[in-house]
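A.B. asks: Pasting a structure below so you can have a look.
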Amino acid sequence: MRFEAHPTNRRGTWCLIVLSLGLSLLPTGCAPARGAGGADDTLTIGAYSVVREAFREGVLPAFAAHWKRATGRTVRFEESYNGSGAQSRAIESGFDADVAVLSLEGDITRLVKAGLVDKDWKAGPDKGLITRSLVVIGVRGGNPKGVHDWEDLTKPGIAVLYPDPKTSGGARWNINAIYGAGLLEDKQKPDLEAARDLLARVQTNVVNMDSSGRQSMATFERGTGDVVVTYENEILLQAKMKGEDAPYVLPSATLLIEGPATIVDASVKRHGNRKVAEAFLAFLRTDEAQRIFAEFGFRPLDPRLDPPGRKPLPSRLFTMKDLGGWTKINKDVYGPDGVWDSIFTSKSRSRTP
Amino acid sequence: MSQVTRGGLSARSELPLRAVSLLYLGLMVVLPLAALAVQAAEPGPAAFWKEMTNPFAWHALKLTFATAGIMVLINAVTGTATAWVLVRYSFPGKKVMNALIDLPFAVPTVVTGLMLVALYGPTSVLGTFLGRNGMGIIYQQPGIVLALLFVTYPFVIRSVQPVLLEMDRSEEEAAATLGADTLTTFRRVTFPTLWPAILTGTALAFSRALGEFGSVVMVAGNRPLATKTGPMYIFGEIESGNRHGAMVVSAVLLTCSLGILIVLNRLQRRGEAVHGH
């Protein structure tokens, strides 16, 4: 490529210089002014994508009404929804959310380590949680492949979808459910080899690993795959939004998903809105909010609020605590040389003679 | 360079302009790349080597280069042919066709991926047929090549086209008069003029393909050691907290891109010196 300079007058040159200087200085000083509302309260919410519909269409309007009744003040929300890990990192690196609603405990632990969240955030009676759900298997209408349990996902000819646990922290709930079902076959004697084996056999039937749970669900809805491993609330939400049945099965052993939320102390200190933030967090655990969550597919913290018609809990339900906690699982399963990596390397080794 | 500026600008305005463009280049390109290089290199060569030869990273790198390589071979041929048709023949709809060529640049890459899945995916008519015959495209390696072909479509065409337009056809006519058939004329007369432009186009396409993410993530399937390419590996490592692993693979992709661009630039300049205008 050759460039030929056209005769330019000096003024043109200076214009160019000023313009390019101006451009290079552009991305500064764009922060919006806060607290300009006077009598209004502003609450910034940094949440993971899965709760978007429940928040936007249910919980936030309900809290705004509640706050108006209680204090006569209007609350304005600034909402951000993102993958749990991405949201957590955004808050860590300066996004000033007052309330963080994330998928995994580890994503809040990151904020504790950064000194943004109080280390006692789990001290309350609900242990910092606001929602519960289950890992389930979404199937096609009429369950044509006759899938009922994890073992069925290992049969030849079954196309399985789940998101990539490397790119989606939330996807780890799904993988952990399969892993745990293998591990805790006998609760007294955790069998690591059985866990690895079940996971490896399911993985051979996986056709596509999307980068998030939402993506995976969307791929399933576009017609790819026979089953999708996902959250019960995702399936029920799709059914609610489309007004049609979204069939799924509850495996005999599965994982209870527990979604945490917390106040980000550093942000409320800066914004001076601790009162409304605390009221919001308390509101999330009221029967009113819990019913809304249930309406959007979650399982309420209090099982008595379960809407009628929910499938009964499986016989062997386990929690992350039963698996040894997130720290242990993140290291043993997803860490370097963990179980997750080993199911690929050992497989490829056995393939090449 | 100095000749050009002497002709166009006075010495007084030349200096600040040069300084500002260098500063701009530094801010926009060199600084981020240097930061990447430093972060990748900081823990030392042993750590770098370990991250690069980790089976998952290594496979992702190999897959990225292989798919980009296949794409480039196809594009070199089809792109040159398309440019040829556009320049040498006149036919109804030629202007529309010429305008369509740049369209892949304007389509968001995720949309590209989505479109390819709809067209060739396991649920499409074609996908069902191919899948039944053991030739699945989407969620398999050929899907990656397909996505890369789409997103890099204009590169070769747009670099060959102007050269063809400017080319003096009297040499070709002379060859024909001397009894050379069409193929010989192309091989001995036309191609020697065109190849620097073809190289430029393929090099740009190759570099672009090494970093392609949006469309590939939709069509590849992302299975480790099977269909996960470099950029997807990088994304996964960042998301799961292995920043260094991500930086190392990025640095490898980047260095290769840079190396290819430099080598091809040299080749091209030599080509121009021999067959230049």
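Going down the list, the sequences are from chains A and B. Numbering-wise (my numbering), the first sequence opens with residue 555 and increments by one. Numbering-wise (my numbering), the second sequence opens with residue 444 and increments by one. Idealized CB from N, CA, C, for every residue including glycine. All of these numbers come straight from a predicted model, not from anything done at the bench.
Quick check on B:Ala576: buried or exposed, where buried means 16 or more other Cβ atoms within 10 Å of its Cβ?
C.D. replies: One point to set straight first is that residue 576 of chain B is Asn, not Ala, in the sequence displayed. That one is exposed.
A.B. asks: With a cut-off of 9 angstroms, does the C-beta of B:Leu723 fall near any C-beta of chain A?
C.D. replies: For chain B, the structure presents residues 444 to 720; residue 723 of chain B sits outside this window and is missing.
A.B. asks: The segment 547-569 of chain B: which residues have C-beta closer than 8 angstroms to a C-beta of chain A, in chain order?
C.D. replies: From the segment 547-569 of chain B, only Val560, Ala561, Gly564, Pro565 and Thr566 have a Cβ closer than 8 angstroms to chain A.
A.B. asks: Would you identify the three-state DSSP class for A:Thr567, choosing helix, strand or coil?
C.D. replies: The pLDDT assigned to A:Thr567 is 47, lower than 50, so where the model puts this residue is not dependable; a value taken from the coordinates is nonetheless given after this. The answer is helix: DSSP assigns A:Thr567 an H, G or I state.
A.B. asks: A:Ser687 and A:Gly878: beta carbons closer than 9 angstroms?
C.D. replies: In this structure, A:Gly878 does not lie closer than 9 angstroms to A:Ser687 by Cβ.
A.B. asks: Based on Cα-Cα distance, which residue from A:Glu611, A:Gly892 and A:Asp595 lies nearest to A:Leu753?
C.D. replies: With distances taken between Cα atoms, A:Leu753 lies closest to A:Gly892.
A.B. asks: Can you tell me which of B:Val691, B:Tyr596, B:Thr698 and B:Leu704 puts its alpha carbon nearest to the alpha carbon of B:Pro488?
C.D. replies: Closest option to B:Pro488, Cα to Cα, is B:Val691.
A.B. asks: Measure the beta-carbon distance from A:Val781 to A:Val693 and round it to whole angstroms, keeping in mind my assumption that it falls under 8 angstroms.
C.D. replies: Right, the Cβ-Cβ distance comes to about 5 angstroms (below 8 angstroms), so this counts as a contact.
A.B. asks: Select from A:Asn730, A:Leu597 and A:Glu849 the residue whose C-alpha is nearest the C-alpha of A:Gln792.
C.D. replies: Of the listed residues, the one whose Cα sits closest to A:Gln792 is A:Glu849.
A.B. asks: Please indicate yes or no: does the CB of B:Gly577 lie closer than 8 angstroms to some heavy atom of the ligand MG?
C.D. replies: For the structure depicted, the ligand MG is absent and the ligand set is empty, with no information on it obtainable.
A.B. asks: Near B:Ser456, which residues of its chain fall below 6 angstroms by C-beta distance, leaving aside the five closest residues on each side in sequence?
C.D. replies: Counting only Cβ-Cβ distances below 6 angstroms, and skipping sequence neighbours, we find nothing.
A.B. asks: Apart from the five residues on each side of it in sequence, which residues of its chain come closer than 8 angstroms, Cβ to Cβ, to B:Ala519?
C.D. replies: Answer for B:Ala519: Val599, Ile641, Gly644 and Thr645, listed in chain order.
A.B. asks: Can you pull the DSSP bridge partners for A:Asn978?
C.D. replies: What is shown of chain A runs 555 to 907, which leaves residue 978 of chain A out entirely.
A.B. asks: In the DSSP assignment, find the unbroken beta strand (DSSP E) run with A:Gly813 in it and report its ends.
C.D. replies: Ala807 to Ile817 is the extent of the beta strand (DSSP E) around A:Gly813.
A.B. asks: How about A:Thr816 and A:Leu835: are their beta carbons less than 9 angstroms apart?
C.D. replies: Cβ atoms of A:Thr816 and A:Leu835: closer than 9 angstroms.
A.B. asks: Taking 6 angstroms as the limit between beta carbons, can you name the residues of its chain near A:Asp594, skipping five residues before and five after?
C.D. replies: If we look at A:Asp594 and ignore the five residues flanking it on each side, its Cβ neighbours are Thr628 and Arg630.
A.B. asks: From B:Ala561 to A:Arg776, what does the alpha carbon distance come to, in whole angstroms?
C.D. replies: Distance between the alpha carbons of B:Ala561 and A:Arg776: 8 angstroms.
A.B. asks: A:Gly692 touches chain B at which residues, Cβ-Cβ below 9 angstroms?
C.D. replies: In chain order: nothing, as chain B lies at least about 16 angstroms away.
A.B. asks: Tell me which residues of the segment 700-728 of chain A have at least one Cβ-Cβ distance to chain B shorter than 8 angstroms, keeping chain order.
C.D. replies: So the close ones are Ala713, Asp718, Pro719, Lys720, Thr721, Ser722 and Gly723.
A.B. asks: DSSP three-state call for A:Arg686: helix, strand or coil?
C.D. replies: Of the three classes helix, strand and coil, the one that applies to A:Arg686 here is strand, per DSSP.
A.B. asks: Return the chain-ordered list of same chain residues with a C-beta closer than 8 angstroms to the C-beta of A:Asp856, the five sequence neighbours on each side being excluded.
C.D. replies: So the qualifying residues of the chain are Asp841 and Gln844.
A.B. asks: Less than 9 angstroms between the beta carbons of B:Leu569 and B:Leu589, yes or no?
C.D. replies: It is not a contact, given that the beta carbons lie outside the stated cut-off.
A.B. asks: Following the continuous beta strand (DSSP E) through A:Phe872, name the residue where it begins and the one where it ends.
C.D. replies: Unbroken beta strand (DSSP E) run through A:Phe872: Arg870 to Phe872.
A.B. asks: Establish whether the CB of A:Phe649 and some CB of chain B are separated by less than 9 angstroms.
C.D. replies: So no, A:Phe649 is outside the interface.
A.B. asks: State yes or no: is the C-beta of B:Phe678 within less than 9 angstroms of the C-beta of A:Ser657?
C.D. replies: Taking 9 angstroms as the Cβ cut-off, B:Phe678 and A:Ser657 do not qualify as a contacting pair.
A.B. asks: Check each residue of the segment 481-497 of chain B: if its Cβ is closer than 9 angstroms to any Cβ of chain A, include it; give the result in chain order.
C.D. replies: Residues Asn497.
A.B. asks: Kindly indicate if chain B contains any beta-carbon less than 9 angstroms away from that of A:Phe898.
C.D. replies: Chain B, which has a Cβ nearer than 9 angstroms to the Cβ of A:Phe898, makes this yes.
A.B. asks: Which residues, in order along the segment 644-678 of chain B, keep a beta-carbon less than 7 angstroms from a beta-carbon of chain A?
C.D. replies: Here the close residues are Val660, Gly664, Asn665, Arg666, Pro667, Leu668 and Phe678.
A.B. asks: In chain order, what residues of the same chain lie with their CB nearer than 6 angstroms to the CB of A:Ala713, ignoring the 5 residues before and after it?
C.D. replies: Only Val761, Gly779 and Asp780 meet the Cβ criterion.
A.B. asks: So B:Ala694 packs on B:Met514, CB below 8 angstroms; how close in whole Å?
C.D. replies: Incorrect: roughly 22 angstroms between the Cβ atoms, too far for contact.
A.B. asks: A:Gly637 and A:Gly724: beta carbons closer than 9 angstroms?
C.D. replies: Closer than 9 angstroms, so yes.
A.B. asks: Between which residues of its own chain and B:Trp527 is the CB-CB distance below 7 angstroms, once the five residues before and five after are set aside?
C.D. replies: Hits under 7 angstroms: Leu607.
A.B. asks: Taking 8 angstroms as the threshold, find out whether the segment 615-625 of chain B comes into contact with the segment 470-481 of chain B through three or more Cβ pairs.
C.D. replies: Touching, no, given that fewer than three Cβ pairs across the two stretches are closer than 8 angstroms.
A.B. asks: So the candidates are A:Asp718, A:Thr598, A:Glu646 and A:Ser900; which of them puts its Cα closest to the Cα of B:Lys671?
C.D. replies: Nearest option by C-alpha distance: A:Asp718.
A.B. asks: Would A:Leu696 count as contacting chain B if we go by Cβ distances under 9 angstroms?
C.D. replies: Correcting the residue identity first, residue 696 of chain A is Gly in this sequence and not Leu. Taking Cβ atoms only, chain B never reaches closer than 9 angstroms to A:Gly696, which makes this a no.
A.B. asks: Within 8 angstroms, do at least three Cβ pairs link the segment 805-825 of chain A to the segment 731-744 of chain A?
C.D. replies: Contact between the segment 731-744 of chain A and the segment 805-825 of chain A is present, because at least three Cβ pairs lie under 8 angstroms.
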